[in-house]
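Those protein sequence lines, which keep their order, are chains F, H and S.
For the first sequence, counting from 1, position 157 maps to 157 in the numbering used here; every step adds exactly one.
For the second sequence, counting from 1, position 763 maps to 763 in the numbering used here; every step adds exactly one.
For the third sequence, counting from 1, position 236 maps to 236 in the numbering used here; every step adds exactly one.
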Amino acid sequence: MLLTVKNLTKSYTGPDGDTPVLRGVCLSLDQGETLALTGESGSGKSTLLHLIGGLDLPGGGEIILAGKDVAAMDDAARAALRRDTVGVIFQQFNLIPSMTVAANIGFHARLAGRQDKAHEAALSDALGLVDHLHKFPEQLSGGQQQRVAIARTLAARPALVLADEPTGNLDEGTAAEVIDQMQALVAQSGTALMMVTHSTALAARMGRQLHLSQGRLA
Amino acid sequence: MIAAGLSALWSHWWHSKLQLVTLLSGLALATALWSGVQAINSEARASYDAAAAVLGEGRFDQLVPANAEGIALDTYITLRRAGWQVSPVLEGEIGLGSTRARIVGVDPLTAPGGSGTSVLSAPPEPQEFLGDGVIFAHPGVADALTERVSARVVVDTGVAPDTALMDVGVAAQLLGRSDLSRLIVATEQPMGLPALSDIAPGLIRQSAQEGAEVGRLTDSFHLNLTAFGLLAFVVGLFIVHGTIGLAFEQRRGMVRTLRALGMPLKTLIALLALEMAAFALIAGGVGVLLGYLIAGALLPDVAATLEGLYGAQISGALRLRPDWWLTGMGIAFAGTLIAASGALWRIARMPLLASPGGRAWAVATGQTRRWLGLAALALAVSAALALSLGQGLLLAFAGLGALLMGAALALPTLLGSVLAVAEARAQSIRAQWFWADTRQQVPGLSLALMALLLAAAANIGVSTMVSSFRITFIDFLDQRLASDLYIQAEDERQAAEIEAFLAPEAQEIMPLLHVDTRLADAPAELYGVRVGATYRDNWGFLDGADDAWQTVAQGDAVVINEQMARRAGLWVGDDLTVAQGMSLPIAGVFGDYGNPVGQAVLSEMTFLQLYPDIRPTRFGIRVDDKDAARAALQDFGLKDPQIIDQQVIKDFSLGVFERTFTVTAALNVLTLSVAAFAILTSLLTLAAIRVPQLAPAWAMGFTRASLGRLELLRAVVLALLTMILAVPLGLMLAWILLAVVNVEAFGWRLPMFTFPLDYAKLALFGVLAAALAALWPARRLARTPPADLLKVFSNER
Amino acid sequence: MNAKALILFFLLPIAAWAQGFAGLGTDADGFTVPERGYHFTFPRDHGSHPDFRIEWWYLTANLEATDGTPYGLQWTLFRSALAPEEKEGWGSPQIWFAHAAVTTPEAHHVSERIARGGIGQAGVRAQPFDAWIDDWRMAGPDFDNLQLTATGADFAYDMTLTAQGPLIFQGDRGYSVKSREGQASYYYSQPFFAIKGTLSLPQGDIEVTGDAWLDREWSSQPLAVNQTGWDWFSLSFETGEKMMGFRLRQTDGAHFTAGTWISPQGETEPFANGVFNADPQDMSEVAGRQIPTGWRVTVPQKGVDITVTALNQAAWMDVNVPYWEGPVVVTGSHPGRGYLEMTGYE
C-alpha cells in the first residue's frame with residue numbers, strides 16, 4: 001500500500017477556541033490508483049491533502065506514505081518528502097514568476113536531483129506547451145499556467161500526486177481539457193493521484209471517490 | 001538543490017533589474033558617504049598622529065621658551081648636566097620652490113622611547129641618522145627636498161605631511177639656526193632633580209595634556225564629520241531597508257512555492273542570507289571606491305580648513321588605507337544585515353500555507369503605527385534626557401541621534417494626521433479621493449520620506465551652524481582686525497624707534513604687550529593694550545559693562561575671552577588673579593573664535609606694572625592712507641614681511657571659511673540626492689502595487705493622464721509636507737550643534753542666526769527633487785495599458 | 001676588558017667592522033690601530049683618543065657599610081666614534097654612553113645615559129681629569145684623587161677615590177691581545193683605589209667604604225668573528241694580591257683566555273692563553289636566560305683554585321645591549337672579593 005491514513009485528526013485554533021476540521025479520517029491508496037476527494041467548502045478536504053503532503057501538521061493519527069509516518073516527521077524530513085515523494089498541484093498554479101516556463105517545468109526535478117530533459121520535452125509536448133517554453137508565466141493564460149504546474153509535478157516523477165482543486169481557476173471547457181491531459185499522463189507514469197474537487201463530474205472520472213463531510217469520510 | 005534554489009532567487013533580480021540596481025546603488029551610496037567621510041577623517045588623523053608622535057605630543061611633557069625666542073644650546077646642556085633627561089627638538093620651515101617644508105630635527109640618542117625616529121616605518125640605526133645623516137621626508141616634499149639638500153633623502157610614509165625628519169644637527173644647518181625650539185621631557189627622571197626655575201628660568205614646562213589641545217579641537221571637527229557620515233549612512237540604510245523589504249515581500253509567493261516543492265526552510269534562509277552577503281560585497285566594494293572618490297575630491301578643502309582653523313597640517317593627498325577598506329565593507333555588511341534581518345525573520349516565521357499576498361508590504365497596520373509612535377516618543381524622551389542631563393560631546397551626539405531618529409519615526413503618523421485633516425475638509429469627491437489615496441500611500445513612501453526628512457534637517461542644521469559661525473566670525477574679524485596695519489619689530493630697540501617715528505603719522509598706535517603665562521590654572525596669554533578709540537568702537541563683548549574698556553584703561557579691570565571664562569567658570573563681575581598679588585574684576589567677556597587658549601587683556605599701564613621688562617615688539621596702527629604709511633615704513637627700514645595688512649589676514653580667514661562651506665555644501669547636496677533617489681526608487685517599486693489601487697478610480701472616470709498628474713502632485717504634496725516638518729527639526733539640530741556640541745567641543749557658544757530664505761530655497765529644492773523623482777513613475781502610470789488596468793478586475797476572484 | 005667591545009659590536013653595524021677584520025694591523029676605516037710597544041704618556045692618555053674607534057673608563061667597586069652589609073658599584077663611560085675625529089657642535093661623530101649601577105644583596109639598580117660629543121653634554125679631559133656625561137661625573141685634580149657621582153631614577157651615589165698604588169699595564173706592557181688572530185687593545189688599570197662615600201637608595205642614605213678597580217681601554221678592533229661572548233673577572237684577594245682574567249667564548253666551543261697577576265706592590269705577571277681557567281658551576285635564570293653565577297677558577301701555576309659566587313644573582317644590566325655585571329665573593333685557596341662581567345648570553 002502506498003498510502004495509509006489512520007484516525008487522522010486536525011483542528012484550528014481561532015479566537016473562539018479550537019475548531020475541529022478532521023475528526024478521525026481513515027483511508028488508503030495503492031500505487032497507480034486515482035482517488036477523488038469531494039465535499040463542501042470547509043469540509044476539510046484541502047486540509048487532508050495538505051497533511052498527506054507534509055505541508056501541515058496533524059493533531060493526531062497516522063499517515064504512512066511509502067512506508068514512513070508523515071505525522072512523525074520533522075521539518076527537514078517533510079521537506080524531503082515533498083521534494084522526492086509527493087507532487088502538489090495547487091489551485092493558484094504557484095509558478096515562479098521570474099522563471100521561464102521551461103525553467104519552471106524542470107524546477108521540481110532539479111530540486112529533487114533527477115532532472116530528465118527528454119521526459120520534460122515529452123511532457124511539454126503532451127501538454128501543448130512547446131511554443132511557450134521561453135515565455136514567463138504571466139504571459140500565459142490560466143489553463144496554460146496550470147498545464148505548466150502539472151508538467152512541473154510530473155517531471156519530478158513523484159510516487160503520489162496531490163491536486164488541490166487544480167481546475168478551480170479555469171473555465172469549464174479548459175478544465176475538462178486539463179484534467180484529461182493530467183489523467184492520461186498520470187496513468188502513463190503509474191503515479192497515484194489524489195484530487196480534491198467540488199465538481200462531481202470531475203470526481204466521477206477518478207478510480208475511487210470519497211466524500212468528506214464535517215471532518216469525516218462518508 | 002542549492003543550484004536550483006539559487007537560480008530561482010537570482011531569477012527574481014534578473015527579472016526585476018531596476019530593483020536590483022536600486023538595492024545595489026542604495027547600499028553603495030550609503031557606504032560611499034560613510035567611507036568617504038571616514039577616509040577624510042582617518043587620513044587627517046594619521047597626519048596628526050605622525051606629527052604628534054615625533055614630538056611625543058600628548059605622551060611627554062615639554063619644556064618651551066616663555067617668550068618667543070628659542071632655547072639656547074647652553075640651556076639644554078645646563079639642563080642635561082643638572083640631570084634633566086630632556087631631548088632637543090628644532091623645528092622650522094624652509095621654502096622649496098612653490099611649497100614649504102616643515103623641518104623637524106630630533107636627537108635620536110636622547111629622544112624618549114616612542115618619540116623621535118621611532119615613528120618612521122623603518123627606523124634607522126643612530127649612526128645612519130647622525131652626522132651627515134639621512135633625511136626622512138613625507139612623500140609630498142621628498143622630491144623638492146632632494147633638489148635642495150645634499151644629504152640623502154629617504155621617503156617615509158611615517159613622517160607627517162609636508163614634513164622632513166632629521167637629526168637636530170642637520171636641521172640646525174638647514175635652517176641656519178643654533179638654538180632649539182623645545183625639549184621633550186622623558187617620563188623617567190633621576191632622583192634629586194633640581195627645580196627648573198633654578199637652572200632654566202626662561203623655560204616653561206608644558207604638560208603632555210596641554211600639548212594635546214590642538215588634537216582635541218581637531219577631534220571635534222572630525223566628530224562633526226563623522227556625525228555627518230553616519231547620518232548619510234542612516235539615510236542610505238532607509239533606502240536599502242525599503243528595497244530589501246519590498247524584494248522579500250514580492251518573493252513571498254516564490255518562497256512558499258520553493259518550500260512546497262520541498263526546499264527546507266533553513267536552506268532557503270541560508271540562501272537568502274548568502275544572496276544578501278553577495279550584494280553587500282558588491283555594493284560595499286563599489287561604495288568604498290566611490291567613497292574614495294568623494295574623499296579625494298573633498299580632502300584638499302578639508303586639509304585647507306583644518307590647517308587654517310587649527311594650524312594642523314594634514315596631507316591633501318589620499319592613500320587607500322586597509323583599515324577603511326575594512327570598515328567600509330564592515331558597514332556595508334552591517335547595514336545589509338540590519339536592513340535584511342527583519343525581512344529574513346518574517347520569511348522564517350511565515351507559515352507554509354499562508355496566502356502569499358496576505359500581508360501587503362506597503363500597508364502599515366494600526367499596530368505597527370502604534371509601535372512607531374511609541375518608539376518615536378521613547379527616542380524623543382531620551383534625546384531630551386541626554387541633552388538636559390548630560391555633559392560631554394558623546395552624550396550631546398547621542399541626544400542628537402535620538403532626536404533625529406525619533407523625528408523620522410514620528411513622520412508617518414504626523415503626515416497621516418495632516419492628510420486626514422485635509423481629507424475631512426475636502427469639498428469635492430475628487431479631492432476627497434486624492435487625500436484618502438495620498439494617505440494610503442504614506443506607509444509605502446515613509447522610508448523614503450524619512451530619508452528626505454533627515455537629509456533636509458541635516459542640511460538645515462549644519463548650514464545654519466556654519467552660516468552662524470561665519471556671521472559671528474566676520475564680526476569678530478572686523479573687531480579684532482580693526483587696525484589697518486600690523487607691524488612686527490625686529491627687537492625692542494627697533495620697536496621704540498618705530499613708535500617714535502609713527503607718532504606724528506598715525507591716527508592711533510596700539511602697542512601689543514604679550515606674555516604666555518598661567519591664569520586660572522591653565523596656560524593663557526596675557527595682553528597689555530593701549531585702550532583707545534579703536535578698542536572702544538570695534539571691540540565688543542558677549543557680556544560686559546558699557547564702560548568696560550574705560551575701566552580697563554583706568555587699570556581697574558580686566559577683560560577675558562570666552563574660552564577662559566567657560567573653562568574656569570568665570571564671568572563678568574568675578575575676580576581674576578592676573579599675577580601674584582593682583583586680582584582684578586572681570587569687566588567683560590569677549591568672543592575669541594578659533595583660538596584654543598585662554599586670553600586676558602589688561603591696560604598697557606597695568607601690564608607694565610606687572611612685567612616692567614617687557615617691551616612691545618608688535619603694533620597695530622590706524623592710518624588715513626594705508627599705502628602711504630606702508631611706503632613710509634619701508635623707507636624707515638622695515639622689511640616687507642614686518643608690515644602686515646590686516647585686510648590680507650581677514651581675506652585669508654574668510655577664505656578658510658569658504659573652504660568649510662565647500663565641504664559642507666558638497667555633503668549637503670550628496671545627502672539630499674540620496675534622499676531624492678530614495679523617493680524615486682520607492683515610487684518605482686510601488687508602481688506595481690499602484691495599478692490595482694488606481695484601477696477603480698480609472699474605471700470610475702479618471703483618465704490615465706489625470707491619474708498620472710495626480711500621482712506627481714501627490715509626491716510633491718508629501719515632499720512639501722516633509723520639508724516643512726524638516727525646518728523645525730533642522731533648527732533644533734542647529735541649536736544643539738551651536739549651543740551644546742560647540743560648547744562641549746570648542747569652549748564657546750555661538751549665537752544662532754536663522755536664514756528663512758535659505759530654508760525656503762532648500763524646501764523648493766527638496767520638492768523639486770521629489771517631483772523629478774516622481775516624474776518617471778507618474779509617466780509610466782499614465783501610460784499603463786488599459787488591459788493591465790482591466791486585469792485587476794479579471795484577476796479578482 | 002674586551003667585553004665592552006662586544007657591546008659596541010652589537011650597537012654598531014657589523015658592516016662597518018668587516019674591513020677591520022680583514023686587514024689586521026692596517027688602519028680600520030681611517031681609525032688608528034693599537035701597536036705593540038706603545039709608550040703611554042700621562043696625563044694625556046687618561047683623556048680620550050678620538051682617532052680610535054672605541055674607548056672606556058670603567059670603574060667597579062666592592063663596598064661595605066658600617067653594619068657589614070656588602071655592596072657593589074659600577075660607573076662606566078663609553079666612547080664610540082663614527083669617524084676618527086672630533087668636531088664642535090651637533091656634527092660631532094663621537095657618541096658617548098654610560099652605565100651606572102648599585103648592587104645590594106637584595107637589589108640591583110641600573111641607569112643608562114647616551115649623549116653625543118661636540119656640544120658639551122659628555123666628554124673626557126685629561127688634566128685636571130674630568131669625565132662626564134649629563135650629571136654623572138668622575139673628576140679630580142689628578143687621576144689618583146677622584147670624585148665620582150651618578151644618579152638614576154631610584155638611586156644615586158657620591159664617592160671619593162684615592163689611589164693606594166701604581167697604575168698597572170695589562171698584557172704586554174699595556175698591549176692586550178684578545179684573540180688568536182691578534183685583535184688587541186691598549187689596556188691599563190688602577191686596581192688600588194680606596195673608595196668611600198654615600199649610596200642613596202630607596203631605603204635611605206648609606207655610608208660605605210671599600211676598594212675600587214678602574215680599567216682604561218681603547219682600540220679600533222673588536223672581537224674576532226667567531227667570538228660570541230665574554231666572561232671577565234677582577235678579583236682582590238685577602239693577601240693583597242689581585243688578579244684579572246678573562247675568557248672569550250668561541251662559536252666552536254673553545255675559549256681564548258688571558259689574565260694578569262698583580263702583586264700588592266703592583267708588579268704584574270701576564271698569563272698566556274690557557275693559563276687562566278674558568279668553568280661555570282652554577283647556572284641561574286636571570287632575565288629569562290641561563291647565566292653562570294657560580295664559577296670555579298684555577299690558575300695552577302699560581303696555586304689558585306677558587307670558587308667565585310655572585311653576591312646577587314640578579315645583577316642584570318637592563319640597558320640597550322644588556323649584560324650581567326655584579327660583585328662576587330671568592331672562597332677557596334685565595335679568599336677575597338671582586339667583580340664579574342658576562343656578556344653574550346642570549
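Positions of the beta carbon are idealized from the N, C-alpha and C atoms, including for glycine.
| Check | Outcome |
| --- | --- |
| If the cut is a Cβ gap below 9 Å, which residues of chain H does F/Met73 touch? | None at all; the shortest Cβ gap to chain H is about 12 Å. |
| In chain H, which residues lie with their C-beta within 7 Å of the C-beta of S/Thr151? | Gly83, Pro190, Met191, Gly192 |
| Residues of the segment 260-281 of chain H with a CB closer than 7 Å to any CB of chain F: list them in chain order, please. | Ala260, Leu261, Gly262, Met263, Pro264, Leu265 |
| If you drop the 5 nearest sequence neighbours on each side, which residues of the same chain put their C-beta closer than 7 Å to that of H/Arg259? | Leu265, Leu268, Leu352 |
| How is H/Asp61 classed by DSSP in three states: helix, strand or coil? | strand |
| Can you tell me whether DSSP reads S/Asn145 as helix, strand or coil? | strand |
| With DSSP run on the structure shown, which of helix, strand or coil describes S/Phe42? | coil |
| Okay, do the segment 250-264 of chain S and the segment 174-194 of chain S touch, 3+ Cβ pairs below 8 Å being the bar? | yes |
| Does DSSP put H/Phe333 in a helix, a strand or coil? | helix |
| Note down, in chain order, every chain F residue with its Cβ under 8 Å from the Cβ of H/Leu352. | Leu55, Asp56 |
| Which bits of chain H does S/Ser381 rub up against, with CB to CB less than 8 Å? | This structure gives no information on residue 381 of chain S, because the portion of chain S shown stretches from 1 to 346. |
| Could you confirm whether any beta carbon from chain S is found closer than 9 Å to the beta carbon of H/Arg80? | yes |
| Under a CB-based cut-off of 9 Å, is S/Ala107 close to chain H? | no |
| For S/Gln121, decide whether its Cβ has a neighbour in chain H, counting only Cβ atoms nearer than 9 Å. | yes |
| Applying the criterion that 16 or more other CB atoms from any shown protein chain within 10 Å of the CB defines a buried residue, is H/Val363 buried or exposed? | Here the model assigns H/Val363 a pLDDT of 46, short of 50, so the residue's position is not dependable, and the following value carries that caveat. Counting Cβ neighbours within 10 Å, H/Val363 comes out exposed, since fewer than 16 surround it. |
| Check S/Trp218 in the structure and name its three-state DSSP category. | strand |
| Which residues of the segment 98-128 of chain F have a Cβ closer than 8 Å to any Cβ of chain H? Give them in chain order. | Ser98, Met99, Ala103, Phe107, His108, Arg110, Leu111, Ala112, Gly113 |
| What residues of chain H sit near S/Ser48, judged by a beta carbon separation below 8 Å? | None at all; the shortest Cβ gap to chain H is about 17 Å. |
| Counting contacts by CB-CB distance shorter than 9 Å, is H/Ile103 in contact with chain S? | no |
| Give, in chain order, every residue of the segment 80-91 of chain S whose Cβ lies closer than 8 Å to some Cβ of chain H. | Leu82, Ala83, Gly89, Trp90, Gly91 |
| In three-state terms, what does DSSP make of F/Ser41? | coil |
| State the Cα-Cα distance for the pair H/Glu249 and H/Arg346, rounded to the nearest angstrom. | 9 Å |
| Roughly how many angstroms lie between the CA atoms of H/Val185 and H/Val64, to the nearest whole one? | 11 Å |
| Over the uninterrupted beta strand (DSSP E) stretch that includes H/Tyr611, give me the two end residues. | Careful: H/Tyr611 lies outside any beta strand (DSSP E) and carries neither H nor E. |
| With a threshold of 9 Å between beta-carbons, can F/Ala76 be considered close to chain H, or not? | yes |
| If distances are taken between C-alpha atoms only, which option among H/Ala771, H/Ala384, H/Arg779 comes closest to H/Thr703? | H/Arg779 |
| Quick check: the segment 173-187 of chain F against the segment 208-215 of chain F, are there 3 or more CB pairs under 8 Å? | no |
| Would S/Asp51 pass as an interface residue toward chain H - the criterion being a Cβ-Cβ separation below 9 Å? | no |
| By a C-beta neighbour count over all protein chains shown, 10 Å radius and 16 as the cutoff for buried, is H/Phe636 buried or exposed? | exposed |
| For H/Ala332 versus H/Val381, is the C-beta spacing smaller than 9 Å? | no |
| The segment 134-158 of chain S: which residues have C-beta closer than 9 Å to a C-beta of chain H, in chain order? | Asp134, Asp135, Trp136, Arg137, Ala150, Thr151, Gly152, Ala153, Asp154, Phe155, Ala156 |
| Can you tell me which residues form a DSSP beta bridge with S/Trp96? | S/Arg79, S/Ala115 |
| Looking at F/Ala192: is its Cβ nearer than 9 Å to the Cβ of F/Thr34? | yes |
| Looking only at its chain, what residues have a beta carbon closer than 6 Å to the beta carbon of H/Ser16, apart from the 5 residues adjacent to it on each side? | none |
| Counting contacts by CB-CB distance shorter than 9 Å, is S/Ser220 in contact with chain H? | no |
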